[in-house]
Amino acid sequence: MASILRSVATTSAVVAAASAIPIAIAFSSSSSSSSTNPKSQSLNFSFLSRSSPRLLGLSRSFVSSPMATALTSDRNLHQEDRAMPQLLTEFMVDMTCEGCVNAVKNKLETIEGIEKVEVDLSNQVVRILGSSPVKAMTQALEQTGRKARLIGQGVPQDFLVSAAVAEFKGPDIFGVVRFAQVSMELARIEANFTGLSPGTHSWCINEYGDLTNGAAST
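Residue numbers (my numbering): 11 to 228.
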């Protein structure tokens, strides 16, 4: 009687385990068969035919999704870099003759990213079409021995997209921050500062302006 109860309890436990964990069936059945027949080394993996497609599909989604997302984001960044439109930048430059015009044009045309240079001698204005930073163009103009001052920057195809300049005039720190709206979704910002103490410095741009003194400083 006791042996019958043990066999019933064992059968119930096996049935419960089989209904809860299909994988346990394969290994328990293979283990029992191998214990009765030592020569039998085959394992029953019949459960793979039912569950493997779903499991493999889930594994593929978990493995490939982060990689695909990273590649897509990198590709989008490269596309944005290639699609960045060129800006029209205007400088006021001290020029007195055609020799000054040629010197300015020859110097600017050596800078990477500059596509076209126009010089208006009568108004002492230099117009530059390209994607080079303002700092690089300013340094090139100053290397010709002439004073240069930025007076405007924007996208020539869309004059609604414009630029703005903010100046910091001391008493100890001086600087200029330029905002160039490249498109309706993208803006390029350049900043130059002088008078900073030696060390590491950082700067940030607040969406709502200068909030150091609340509404009084915006």
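Just so it is clear, CB atoms sit at the ideal spot from N, CA and C, and this is done for glycine as well.
The C-alpha of Leu97 lies about 34 Å from the C-alpha of Pro208. Cβ contact annotation for Glu119 (same chain, cutoff 7 Å, sequence separation greater than five): Val127, in chain order. Straight-line measurement puts the Cα of Cys214 at about 13 Å from the Cα of Asn202.
Counting other Cβ atoms within 10 Å of its Cβ, Leu151 reaches 16 or more and is therefore classed as buried. CA-to-CA, the gap between Gly205 and Ala197 works out to about 27 Å.
Assignment of beta-bridge partners to Ile215 by DSSP yields no partner. Exclusion of the five residues before and after Arg137 leaves Leu98, Glu100 and Glu128 as the residues of its chain whose Cβ lies within less than 7 Å of its Cβ. Rounded to whole angstroms, the gap between the alpha carbons of Leu131 and Met105 is 7 Å. In the structure shown, Gln96 falls within a coil segment according to DSSP collapsed to helix, strand and coil. Cβ neighbours of Ser141 within its own chain (closer than 6 Å, five residues either side excluded): Gln96 and Gly123.
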